[in-house]
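Some notes on the structure that comes next.
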Amino acid sequence: MREKIAYVPQRSTIDWDFPITVIDTVLIGTYPKLGLFKRPKKREREWAYECLKKVGMKEYSQRQIGELSGGQQQRVFVARALAQKPEFFFLDEPFVGIDVTSEETIINILREQRDEGKTVFIVHHDLSKAGAYFDELLLLNKELIKYGSVHEVCRPEIISKAYHGQLSFLEEMGMTIS
């Protein structure tokens with residue numbers, strides 16, 4: 172089962188000083204299918220380079236992961252997830268602290284995965300982008316508040332319940348309280 176699930180952690184939880192190259196980071200994504208004591212071969216390396224190409228990072232393959240910008244690092248971790256060929260993607264705050272280009276690259280790749288029948292779960296706190304990025308939302312605040320389409324969930328009364336009436340950000344989303 173673990174080979175079917177790819178996880179992209181929050182950037183803040185990673186030791187960026189760990190001495191590993193970009194290509195080796197992506198190759199880690201091939202290990203669940205290889206097994207614990209097998210090493211990646213030519214086929215896995217070619218696939219890892221293809222995943223780096225997909226996220227626009229192939230030319231950085233020999234650089235240390237810690238030398239990259241935040242957006243570049245996040246794209247490498249998405250490439251690692253792609254290298255795993257999973258059925259489920261779990262991403263924890265993938266857009267925090269990254270540039271617009273990386274954000275657009277990542278969301279487009281995730282949409283492609285969705286269109287190919289993969290399931291994508293994203294932890295995200297910026298509701299102002301929910302309509303542009305997501306098909307469905309699961310709104311939580313210590314408990315399930317609402318699950319449904321963006322239109323069903325991003326309603327003033329639902330958001331008010333989730334945020335205990337603190338709704339100043341709703342105007343940014345173009346929502347009004349009735």
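Counting from 172, one number per residue, gives the positions in the sequence shown under our numbering.
Glycine included, C-beta positions come from ideal geometry on N, C-alpha and C.
Bear in mind that the values here come from a model prediction, so they are computed numbers and not experimental data.
- Counting along the chain, GLY237 sits inside no beta strand (DSSP E), nor does DSSP assign it H or E at all.
- Between PRO257 and LEU207, the alpha-carbon positions lie close to 17 Å from each other.
- One Cα belongs to ASN279, the other to VAL249, and the distance between them is close to 11 Å.
- Counting other Cβ atoms within 10 Å of its Cβ, THR290 stays below 16 and is therefore classed as exposed.
- Judged by pairs of C-beta atoms under 8 Å, the region 200-215 does not touch the region 291-305, as fewer than three such pairs exist.
- The residues ARG173, GLU174, GLN255, in chain order, have a CB closer than 7 Å to that of PRO203 in the same chain once the five nearest residues on each side in sequence are set aside.
- Residue pairing from DSSP places VAL294 in a beta bridge opposite ASP263.
- Apart from sequence neighbours up to five positions away, the residues of its chain that approach ALA301 with a beta-carbon distance below 7 Å are LEU308, VAL321, CYS325, ordered along the chain.
- The residue from PHE266, LYS313, LEU298, VAL226 with its alpha-carbon nearest to that of THR276 is VAL226.
- Excluding the 5 residues flanking it on each side, GLY319 has same chain C-beta neighbours closer than 8 Å at GLU307, LEU308, in chain order.
- Counting other Cβ atoms within 10 Å of its Cβ, GLU215 reaches 16 or more and is therefore classed as buried.
- Between ALA333 and LEU310 a beta carbon distance of about 5 Å is seen, short of the 8 Å cut, so the two are scored as contacting.
- Within its own chain, the residues whose Cβ lies closer than 6 Å to the Cβ of LEU281, once the five positions on either side in sequence are excluded, are VAL291, listed in chain order.
- Across the set ILE329, TYR178, HIS335, SER331, the C-alpha of TYR178 shows the shortest separation from the C-alpha of LEU253.
- A straight line joining the alpha-carbon of GLN284 with that of LEU205 spans about 22 Å.
- With a threshold of 16 other beta carbon atoms within 10 Å, GLY288 falls short and is exposed.
- Note that the C-beta distance between CYS222 and VAL197 is below 8 Å.
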